[in-house]
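**Student:**
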Amino acid sequence: MRINRYLSACGVASRRGAETLIEDGRVKVNGSLLKDLATFVEPGRDRVELDGKVLNLPQEFTYLLLNKPLGVVTTASDPEGRSTVLGFVPPKPRVFPVGRLDFETSGALLMINDGGMAHRLLHPQFKVDKQYEVTVQGTLPDDLVATLANGVDLEGRKTAPAQVSIRERDGRRTKLSISIREGRNRQVRRMLESVGHEVIDLRRVRFGPIELGNLKEGTYRSLTEEEVKALHDATTFKRQQAHDRPKGTKRSSRPFHRKRKP
Ligand code: URA
1 MRINRYLSAC GVASRRGAET LIEDGRVKVN GSLLKDLATF VEPGRDRVEL
51 DGKVLNLPQE FTYLLLNKPL GVVTTASDPE GRSTVLGFVP PKPRVFPVGR
101 LDFETSGALL MINDGGMAHR LLHPQFKVDK QYEVTVQGTL PDDLVATLAN
151 GVDLEGRKTA PAQVSIRERD GRRTKLSISI REGRNRQVRR MLESVGHEVI
201 DLRRVRFGPI ELGNLKEGTY RSLTEEEVKA LHDATTFKRQ QAHDRPKGTK
251 RSSRPFHRKR KP
């Protein structure tokens, strides 16, 4: 890429203005003062400096949705040598899972390299909801559905209100759908255990506005532009949310720091 294009893509000047910066002796490439306006640089390999400050091209983010299979860990590496979610997506550009799904949970896992977005998606302030399809042992009665929806006590702290509905009861098992806005460790399993029902299958079918749909287990796809926009919308603080808080309550005590764009 020609140096003036590189400098303008970094947002420091127009292409014409970039030539002036070079003529003024303010640009170095790989440690040497640049004199030739027609120099070509290779992004990621050549080191370009303006007034001694390294300039990098703004990163284009990658947003993938993986249908995580069972028996896979949601970490970059596993000391026990088990297969990890990174093995199911291309190695480059490098992406990271947004939050975690248990080893024995399948379904929608966002894999992205937009750190700011990942931080916001997991931050309690934005209350991004996650929907799970759950199968439990036994018949879950309606009164326990209401108990789960209102919140149950997990280690001395009540879970936030959830949306819970029965999909099927066959006398031996119950299939239900549950949407939660928190992300406590093994939360769905522990909520069901707390009302006396063991989870035998757990699948996440939606993360905020992103639906798993019919994506095959073990495969991934890129999010569409509309889906990325929907993620931004879901993680933008809206004035209305302040009105939604009960009177006399404060915003989340955990601070949210908006990060500067790269
Ligand atoms: N709740 C759980 O119990 N496990 C998961 O993997 C996700 C939510």
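Using the UniProt record's numbering, read the sequence shown as starting at 1 and increasing by one per residue.
C-beta: ideal position from N, C-alpha, C; glycine also.
Values in this document were obtained by computation on a predicted structure and should not be read as measured data.
1. Please state if the CB of Y63 and the CB of L110 are separated by a distance shorter than 8 Å.
2. Under a Cβ-count criterion, where at least 16 other Cβ atoms within 10 Å of its own Cβ denotes burial, should M191 be classed as buried or exposed?
3. Buried or exposed: A18, going by 16 or more other Cβ atoms within 10 Å of its Cβ?
4. If you run the structure through DSSP and keep just helix, strand and coil, what is A118?
5. Report yes if the C-beta distance between residue 283 and H197 is below 8 Å; otherwise report no.
6. Quick one: measure Cβ to Cβ for R204 and T75, integer angstroms, because I've assumed they're closer than 8 Å.
7. In this structure, what does DSSP give as the bridge partners for E49?
8. If you compare alpha carbons, which of E49, A108, D36 and L37 is closest to L65?
9. Just to confirm, does R186 get its C-beta within under 7 Å of one of the non-hydrogen atoms of ligand 2?
10. Could you pull the start and end residues of the beta strand (DSSP E) that N150 belongs to?
11. Straight-line CA distance for L140 to Q187?
12. Which partner residues of L65 appear in the DSSP bridge assignment?
13. Let me know the secondary structure DSSP gives K35 once reduced to three states.
14. Hey, could you find the ends of the alpha helix (DSSP H) R172 is sitting in?
15. Tell me whether P136 is buried or exposed, calling it buried when 16 or more other Cβ atoms sit within 10 Å of its Cβ.
16. Taking the straight line between their C-alpha atoms, what separation do you get for K158 and R26?
17. In three-state DSSP terms, what is S77?
18. Of the residues T219, G213 and F207, which one's Cα is nearest the Cα of A118?
19. For my contact list, K175 and R181 are in at a C-beta cut-off of 8 Å; report their separation, rounded to the angstrom.
**Tutor:** So, to answer that:
1. On the sequence shown, residue 110 is found 110 positions in, with the first residue counted as 1. On the sequence shown, residue 63 is found 63 positions in, with the first residue counted as 1. Yes, the Cβ-Cβ distance between L110 and Y63 is below 8 Å.
2. As a working mapping, residue 191 is identified with position 191 in the sequence shown. It is buried - the Cβ of M191 has at least 16 other Cβ atoms within 10 Å.
3. Looking up residue 18 in the sequence shown gives position 18. Buried is the call here.
4. Locating residue 118 in the sequence shown gives position 118, where the first residue counts as 1. Of the three classes helix, strand and coil, the one that applies to A118 here is helix, per DSSP.
5. What the structure shows of the chain is the stretch from 1 to 262, and residue 283 is not part of that stretch, so it cannot be assessed.
6. Translated into positions along the sequence shown, residue 204 becomes position 204. Translated into positions along the sequence shown, residue 75 becomes position 75. Actually they are not in contact, since the Cβ atoms of R204 and T75 sit about 17 Å apart, beyond 8 Å.
7. Position 49 of the sequence shown, counted from the first residue, corresponds to residue 49. Answer is K28 and V54.
8. Numbered from 1 along the sequence shown, position 65 holds the residue referred to as residue 65. Ranking E49, A108, D36 and L37 by CA distance to the CA of L65 puts A108 first.
9. Ligand 2 is not among the ligands present in this structure, which contains only ligand 1.
10. Numbered from its first residue, the sequence shown carries residue 150 at position 150. Element bounds for N150: not the beta strand (DSSP E) but the alpha helix (DSSP H), D142 to N150.
11. In the sequence shown, the residue the question calls residue 140 occupies position 140. In the sequence shown, the residue the question calls residue 187 occupies position 187. If I take the Cα positions, the gap works out to 18 Å.
12. On the sequence shown, position 65 is the one that residue 65 refers to. Paired residue(s): L110 and R221.
13. Taking the first residue of the sequence shown as position 1, residue 35 is located at position 35. When secondary structure is reduced to three states using DSSP, K35 falls in the coil class, being assigned neither helix nor strand.
14. In the sequence shown, counting from the first residue as 1, residue 172 sits at position 172. In the DSSP annotation of this structure, R172 is not part of any alpha helix (DSSP H), being labelled neither H nor E.
15. The residue you call residue 136 lines up with position 136 of the sequence shown. One detail in the question is off: residue 136 reads as Val in this sequence, not Pro. Buried, by the Cβ-count rule.
16. Within the sequence shown, numbered from 1, the residue matching residue 158 stands at position 158. Within the sequence shown, numbered from 1, the residue matching residue 26 stands at position 26. Rounded to whole angstroms, the separation of the alpha carbons of R26 and K158 is 59 Å.
17. As a working mapping, residue 77 is identified with position 77 in the sequence shown. Looking at S77 - three-state DSSP - the assignment turns out to be coil, as it is neither helix nor strand.
18. Within the sequence shown, the letter at position 118 stands for residue 118. The candidate whose alpha carbon is nearest that of A118 is F207.
19. Your numbering for residue 175 matches position 175 in the sequence shown. Your numbering for residue 181 matches position 181 in the sequence shown. Between R181 and K175 the Cβ distance is about 22 Å, and since that is not below 8 Å, they are no contact.
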